[in-house]
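Chemist: Below you'll find the structure I mean.
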Amino acid sequence: MSIEQQIEELRAELSWCDDAAERRQIEAELRTIETQWKRRNRAQQCDDQVCRHR
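For the record, in the sequence shown the residue sitting at position 17 is 17 according to this note's numbering, with numbers rising by one throughout.
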């Protein structure tokens, strides 16, 4: 499953979850996976910029 799919799935779970403890767990997972997604995108942008300067 891609990072984007994981984010979508966690957001969907969060939208219907009404248990406070479970919401906190889902929110923590979502923050973690969003951070991974941002890092991956930043790394990709850096790679793209290096390639353009060659």
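Even glycine gets a Cβ: it sits at the ideal position worked out from N, Cα and C. No experiment lies behind these values; they were computed from the predicted model shown.
1. Ile3 and Glu13 - do their beta-carbons sit closer together than 8 angstroms?
2. Can you tell me where the alpha helix (DSSP H) holding Ser15 begins and where it ends?
3. So, at 7 angstroms on beta carbons, what are the nonlocal neighbours of Arg23 in its own chain, with the 5 sequence-adjacent residues on each side left out?
4. Tell me whether Asp61 sits in a helix, a strand or coil according to DSSP, three-state version.
Modeler: With the given structure in hand:
1. Along the sequence shown, read from residue 1 onward, the residue named residue 13 stands at position 13. Along the sequence shown, read from residue 1 onward, the residue named residue 3 stands at position 3. Contact: no.
2. Residue numbering aside, residue 15 sits at position 15 when the sequence shown is read from its first letter. Per DSSP, Ser15 belongs to the alpha helix (DSSP H) from Ile3 to Trp16.
3. Mapped onto the sequence shown, residue 23 falls at position 23. Excluding positions up to five away in sequence, the list reads Leu14 and Cys17.
4. Since the first and last residues shown for the chain are 1 and 54, residue 61 lies out of range.
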